[in-house]
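>
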Amino acid sequence: MSQLFAKKPLKLLLEEMQSENRLRRVLGPVQLTALGVGAIIGAGIFVVTGVAAHDVAGPALMLSYCVAGVACIFAALCYAEFASMVPVAGSAYTYAYATLGELFAWIIGWDLVLEYAVGSATVANGWSSYFQEVLAKFNLHFPASLAGPPIGFDATGHVISTGALINLPAVLIVCLVTAVLVKGIQESAGFNSAMVALKVGVVLFVIIAGAFYVNPDNWKPFAPYGMSGLTILGHSIGGQVGANGQPVGMLAGAGIIFFAYIGFDSVSTHAEEAKRPNRDVPIAIVASLLLCTVLYIAVVAVLTGMVPYNQIDVGAPVSAAFKAVGMHNAEFLIAAAGVAGITSVLLVMMLSGPRVFLAMARDGLVPQSFFGAVHPRFRTPWKTTILIGVFVAAMAGFLPINILSNLCNIGTLLAFVIVCAAVLIMRRTNPDAERPFRCPLVPLFPILGILSCLLLMFSLPHENWWRLGAWLGLGLLIYFAYGWRHSRLANKGGSGG
Numbered sequence: 083m084s085q086l087f088a089k090k091p092l093k094l095l096l097e098e099m100q101s102e103n104r105l106r107r108v109l110g111p112v113q114l115t116a117l118g119v120g121a122i123i124g125a126g127i128f129v130v131t132g133v134a135a136h137d138v139a140g141p142a143l144m145l146s147y148c149v150a151g152v153a154c155i156f157a158a159l160c161y162a163e164f165a166s167m168v169p170v171a172g173s174a175y176t177y178a179y180a181t182l183g184e185l186f187a188w189i190i191g192w193d194l195v196l197e198y199a200v201g202s203a204t205v206a207n208g209w210s211s212y213f214q215e216v217l218a219k220f221n222l223h224f225p226a227s228l229a230g231p232p233i234g235f236d237a238t239g240h241v242i243s244t245g246a247l248i249n250l251p252a253v254l255i256v257c258l259v260t261a262v263l264v265k266g267i268q269e270s271a272g273f274n275s276a277m278v279a280l281k282v283g284v285v286l287f288v289i290i291a292g293a294f295y296v297n298p299d300n301w302k303p304f305a306p307y308g309m310s311g312l313t314i315l316g317h318s319i320g321g322q323v324g325a326n327g328q329p330v331g332m333l334a335g336a337g338i339i340f341f342a343y344i345g346f347d348s349v350s351t352h353a354e355e356a357k358r359p360n361r362d363v364p365i366a367i368v369a370s371l372l373l374c375t376v377l378y379i380a381v382v383a384v385l386t387g388m389v390p391y392n393q394i395d396v397g398a399p400v401s402a403a404f405k406a407v408g409m410h411n412a413e414f415l416i417a418a419a420g421v422a423g424i425t426s427v428l429l430v431m432m433l434s435g436p437r438v439f440l441a442m443a444r445d446g447l448v449p450q451s452f453f454g455a456v457h458p459r460f461r462t463p464w465k466t467t468i469l470i471g472v473f474v475a476a477m478a479g480f481l482p483i484n485i486l487s488n489l490c491n492i493g494t495l496l497a498f499v500i501v502c503a504a505v506l507i508m509r510r511t512n513p514d515a516e517r518p519f520r521c522p523l524v525p526l527f528p529i530l531g532i533l534s535c536l537l538l539m540f541s542l543p544h545e546n547w548w549r550l551g552a553w554l555g556l557g558l559l560i561y562f563a564y565g566w567r568h569s570r571l572a573n574k575g576g577s578g579g
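Residue numbers (the numbering used here): 83 to 579.
1. Can you check whether the CB of SER146 is closer than 7 Å to the CB of ASN640?
2. Determine, using beta carbons only, whether ALA180 and ILE367 come nearer to each other than 7 Å.
3. Within the same chain, show all residues whose beta-carbon is closer than 8 Å to that of LEU554, passing over the 5 residues directly before and after it, in chain order.
4. Where do the ends of the alpha helix (DSSP H) carrying PHE498 lie?
5. Run through DSSP, which three-state label would GLU102 get?
6. Are there 16 or more other CB atoms within 10 angstroms of the CB of ILE242, so buried, or fewer, so exposed?
7. ILE233 lies in the beta strand (DSSP E); which residues open and close that run?
8. Apart from the five residues just before and just after TYR295, which ones in its own chain have a Cβ nearer than 7 Å to its Cβ?
9. Taking C-beta to C-beta, are ILE155 and LYS281 nearer than 7 Å?
10. Let me check you understand the geometry: is the CB of PRO91 closer than 6 Å to at least one non-hydrogen atom of the ligand GDP?
11. Identify which residue in GLY208, GLY331, ILE416 and CYS502 has its Cα closest to the Cα of ASP137.
12. Report the option in PRO231, VAL256, ALA305 and PRO91 whose CA atom is closest to the CA atom of ILE248.
13. Going by DSSP, what residue range makes up the beta strand (DSSP E) through ILE242?
14. Can you look up PRO141 in the DSSP assignment and give me helix, strand or coil?
15. Please report how far the alpha carbon of MET539 lies from the alpha carbon of GLY551, in whole angstroms.
16. How about GLY479 and ALA261: are their beta carbons less than 7 Å apart?
17. According to DSSP, simplified to helix, strand and coil, what is ALA305?
18. Measuring alpha carbon to alpha carbon, tell me which of LYS357, GLU413 and ALA279 ends up nearest SER426.
19. Where does ASN411 land, buried or exposed, given buried means 16+ other C-beta within 10 angstroms?
20. From the DSSP output, in three-state form, read off LEU222 for me.
21. What residues match up with ASN297 in a beta bridge as DSSP calls it?
22. With a threshold of 8 Å, are at least 3 pairs of Cβ atoms found where one atom belongs to the region 196–203 and the other to the region 470–486?
23. Return helix, strand or coil for GLY578, following the three-state DSSP convention.
24. Just the C-alpha distance for ILE28 and SER211, rounded to the nearest angstrom, thanks.
25. Determine the direct distance from the alpha carbon of VAL133 to that of GLY283, and round the result to whole angstroms.
26. Quick check: what's the CA-CA separation for PRO111 versus ALA203?
27. DSSP has ASN61 in a bridge; who is on the other side?
28. Can you tell me whether ASN392 is buried or exposed? The criterion is at least 16 other CB atoms within 10 Å of its CB, across all chains shown.
29. Who are the near neighbours of GLU102 in its chain, counting only those whose CB is closer than 6 Å to its CB and skipping five residues on each side?
30. Which partner residues does LEU109 have in the DSSP bridge list?
31. Compare the beta carbon distance of ASN488 and LEU542 with 7 Å and say whether it is the shorter of the two.
32. Report yes if the C-beta distance between VAL499 and PRO528 is below 7 Å; otherwise report no.
33. Do you know how far the Cα of ALA174 is from the Cα of CYS490?
34. Let me confirm a value: ALA563 is counted as buried when at least 16 other C-beta atoms fall within 10 Å, else exposed. Which label applies?
35. Ends of the alpha helix (DSSP H) at ALA336?
36. What are the start and end residues of the alpha helix (DSSP H) that includes ILE532?
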């Protein structure tokens, strides 16, 4: 029983950084920040913003982004402290192993695989929509049977058949990104940096050009759906309720657009590939999050100022807003940027999952021969990259974005809660450990991070708790069938909990 709570000593984690089976240190602070921005800005701002502003929050969505951003900042500061202490692959999995023990490490590692895989499938769905919109400008169209998932939802939330067979564009982009990632981190990071430069440039264009078309009267009423809007396991506890029974309001909007912030934590999974991880990773985490928060609020202010909230297009809100004011050339530019932006998100999300498996394989919790295999030439975890690519392609091809985005949200929030708790524990168990970056105002900030993330978790539809529980249950079966018996820490003898 003590093995379940055996902790991996910090000294052992740092020693493993010097092993032969390690990744190349090729990423500087600019590339790491670009990875973070690339993961954050994408499907959220280009897709989710329209639904949230039109149906849930109205112009008050500006405050929704502030609330979600604050919750992420608390978690980001905790991530930054751990990333500076333990600059190895694995992210929250590694942090949990050092503080909470093997069982919690397995749970969070398995949860991270869910976050990155489902998040990748979600953005692949969004990419498909924007790509087909760009093709439509040239009068090119995919057959309806190959243009979307076979199932969807009606206005009341019931599952319906769409008549399609598979979302082929989503599957194809996943296959392409998988091939790029097998090639190597340096090449993919350079590709991502180019994508991020294009994407941020277009976002700045939206803010600057759109500002000339802002009508302040469109911000009135500022909060047409109210300021509250919360649920506990699917039951409304305050604020108005929409036609589908889900709460609406500024806080409800924060729960929906949280997906737009997912990705900053992926920077910490690449700590082992950073040139100066103790300095560069914390800088990249905080910088990417703050930069994206400012851009998000500015885009929402412009969007809701250009078009009344109840006239915002829910499918392609930003490009449609420019069309509404007569800027048709800008409409195409923004749609094309949506394709580029979502591509970079997909790249970073799919880049991160295999590195969590790599960390778990090093600990013996999954088979080293497969999950720990690093390509002799490219120095990438190529087998797990292909495996996750197949898994993501299947989800992207057959599941609707509604299911995927909510499941990704709850999995990510759970990881944030664990990391915030781990900082509190590590400050007590290893108070003298070197911390090049220290989370300020401990224990206040980690506690606020835990509470704010739990609040957002309980605002999600209750069926997501069942889906998360089923995934974690499957993970526990695998752990007790394999990881329990092959744990390297157990064979060496770990520190007891």
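Ideal Cβ positions, reconstructed from N, Cα and C, are used throughout, including at glycine.
Quantities reported herein were computed from a predicted structural model and do not represent experimental measurements.
Let me lay it out:
1. Outside the displayed range of the chain (83 to 579) lies residue 640, so it cannot be described from this structure.
2. Counted from its first residue, the sequence shown places residue 180 at position 98. Counted from its first residue, the sequence shown places residue 367 at position 285. Taking 7 Å as the Cβ cut-off, ALA180 and ILE367 do not qualify as a contacting pair.
3. Locating residue 554 in the sequence shown gives position 472, counting from the first residue. ILE189, TRP192 and ASP193, listed in sequence order.
4. In the sequence shown, the residue the question calls residue 498 occupies position 416. 483–511 is the extent of the alpha helix (DSSP H) around PHE498.
5. For the purposes of this step, residue 102 is identified with residue 20 of the sequence shown, where counting begins at 1. Residue placement at GLU102 cannot be trusted, given a pLDDT of 47 that sits under 50; the coordinates are not used to answer.
6. The residue given as residue 242 occupies position 160 in the sequence shown. Exposed, because fewer than 16 other Cβ atoms sit within 10 Å of the Cβ of ILE242.
7. Position 151 of the sequence shown holds residue 233. Segment 233–235, the beta strand (DSSP E) holding ILE233.
8. Translated into positions along the sequence shown, residue 295 becomes position 213. Hits under 7 Å: MET388 and VAL407.
9. Reading the sequence shown from its first residue, position 73 is the one you call residue 155. Reading the sequence shown from its first residue, position 199 is the one you call residue 281. Result no, Cβ atoms of ILE155 and LYS281 do not sit closer than 7 Å.
10. This structure lacks the ligand GDP, and indeed carries no ligand of any kind.
11. The residue given as residue 137 occupies position 55 in the sequence shown. Ranking the options by Cα distance to ASP137, first place goes to GLY331.
12. By 1-based counting over the sequence shown, the position of residue 248 is 166. Of PRO231, VAL256, ALA305 and PRO91, the residue nearest in Cα terms is PRO231.
13. Mapped onto the sequence shown, residue 242 falls at position 160. Counting along the chain, the beta strand (DSSP E) containing ILE242 begins and ends at 241–243.
14. The residue you call residue 141 lines up with position 59 of the sequence shown. Residue state, collapsed to three classes: helix.
15. Within the sequence shown, the letter at position 457 stands for residue 539. Within the sequence shown, the letter at position 469 stands for residue 551. Whole-angstrom Cα-Cα distance: 13 Å.
16. Position 397 of the sequence shown holds residue 479. Position 179 of the sequence shown holds residue 261. No. Outside cutoff.
17. For this step, residue 305 is matched to residue 223 along the sequence shown. ALA305: coil per DSSP, three-state reduction.
18. Within the sequence shown, numbered from 1, the residue matching residue 426 stands at position 344. Taking only the C-alpha atoms, the option nearest SER426 is ALA279.
19. To locate residue 411, count along the sequence shown from 1; it is residue 329. When all chains shown are included, ASN411 counts as exposed.
20. One-based indexing of the sequence shown puts residue 222 at position 140. It is coil, neither helix nor strand.
21. For the purposes of this step, residue 297 is taken as the residue at position 215 of the sequence shown. Paired residues: none, contrary to the question.
22. yes
23. To locate residue 578, count along the sequence shown from 1; it is residue 496. No answer about GLY578 holds up, because its pLDDT of 47 lies below 50 and its placement is not dependable.
24. This structure cannot speak to residue 28, because the chain is shown only from 83 to 579.
25. Within the sequence shown, the letter at position 201 stands for residue 283. Within the sequence shown, the letter at position 51 stands for residue 133. So the two alpha carbons sit approximately 24 Å from each other.
26. Your numbering for residue 111 matches position 29 in the sequence shown. Your numbering for residue 203 matches position 121 in the sequence shown. Rounded to whole angstroms, PRO111 to ALA203 spans 28 Å at the Cα level.
27. The structure shown does not extend to residue 61, since the chain is modelled only from 83 through 579, so no value can be given for it.
28. As a working note, residue 392 is residue 310 in the sequence shown. Exposed, by the Cβ-count rule.
29. Locating residue 102 in the sequence shown gives position 20, where the first residue counts as 1. For GLU102, the pLDDT reaches just 47, beneath the cut-off of 50, and the residue's location in the model is therefore unreliable, leaving the point undetermined.
30. Residue mapping note: residue 109 aligns to position 27 of the sequence shown, counting from 1. Bridge partners of LEU109: ALA356.
31. Here residue 488 corresponds to residue number 406 of the sequence shown, with the count starting at 1. Here residue 542 corresponds to residue number 460 of the sequence shown, with the count starting at 1. Cβ atoms of ASN488 and LEU542: closer than 7 Å.
32. Mapped onto the sequence shown, residue 499 falls at position 417. Mapped onto the sequence shown, residue 528 falls at position 446. Cβ atoms of VAL499 and PRO528: not closer than 7 Å.
33. Position 408 of the sequence shown, counted from the first residue, corresponds to residue 490. Position 92 of the sequence shown, counted from the first residue, corresponds to residue 174. If I take the Cα positions, the gap works out to 16 Å.
34. Numbered from 1 along the sequence shown, position 481 holds the residue referred to as residue 563. Counting Cβ neighbours within 10 Å, ALA563 comes out exposed, since fewer than 16 surround it.
35. On the sequence shown, position 254 is the one that residue 336 refers to. Here the alpha helix (DSSP H) through ALA336 covers 332–339.
36. Here the question's residue 532 lines up with position 450 in the sequence shown. Taken as a continuous stretch (DSSP letters only), the alpha helix (DSSP H) holding ILE532 covers 526–539.
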